[in-house]
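Asker:
Residue numbers (full-length UniProt numbering): 1 to 97.
Okay, here's the thing in structure tokens:
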């Protein structure tokens, strides 16, 4: 059996026409991909908007006024804070092993 070349879509076309056809095919493919990317981005944006709209709004919590402390309660809070901070300072100031 003789080896013959199977005619492709360019049967009888010049080399310039073949290049023109291929360039146009690639350009069309690129445009199709760009359109698909835009469509996908738009769909994602719409989905995000739908999800944000479906969220329940955060409940309003009114600001609670500060209750004045007694001097003894303030002293206890200050001592608790100082004892916690000095434990950290002591740990940081320890001698390396």
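Each residue gets a CB set at the ideal place from its N, CA and C atoms; glycine is no exception.
1. Look at the alpha carbon of residue 37 and the alpha carbon of residue 31, and state the distance between them as a whole number of angstroms.
2. Alpha helix (DSSP H) containing residue 21: first to last residue?
3. Could you give the residue range of the alpha helix (DSSP H) that holds residue 58?
4. Skipping 5 residues on each side, what residues in its chain have a beta carbon closer than 8 Å to that of residue 68?
Answerer: Well, looking at it:
1. Position 37 of the chain shown, counted from the start, is the residue given in the question as residue 37. Position 31 of the chain shown, counted from the start, is the residue given in the question as residue 31. For residue 37 and residue 31, the distance between alpha carbons rounds to 10 Å.
2. Walking along the chain shown from the start, residue 21 turns up at place 21. Its alpha helix (DSSP H) spans residues 15-54.
3. Residue mapping note: residue 58 aligns to position 58 of the chain shown, counting from 1. Run containing residue 58: none; DSSP gives neither H nor E here.
4. Position 68 of the chain shown holds residue 68. None.
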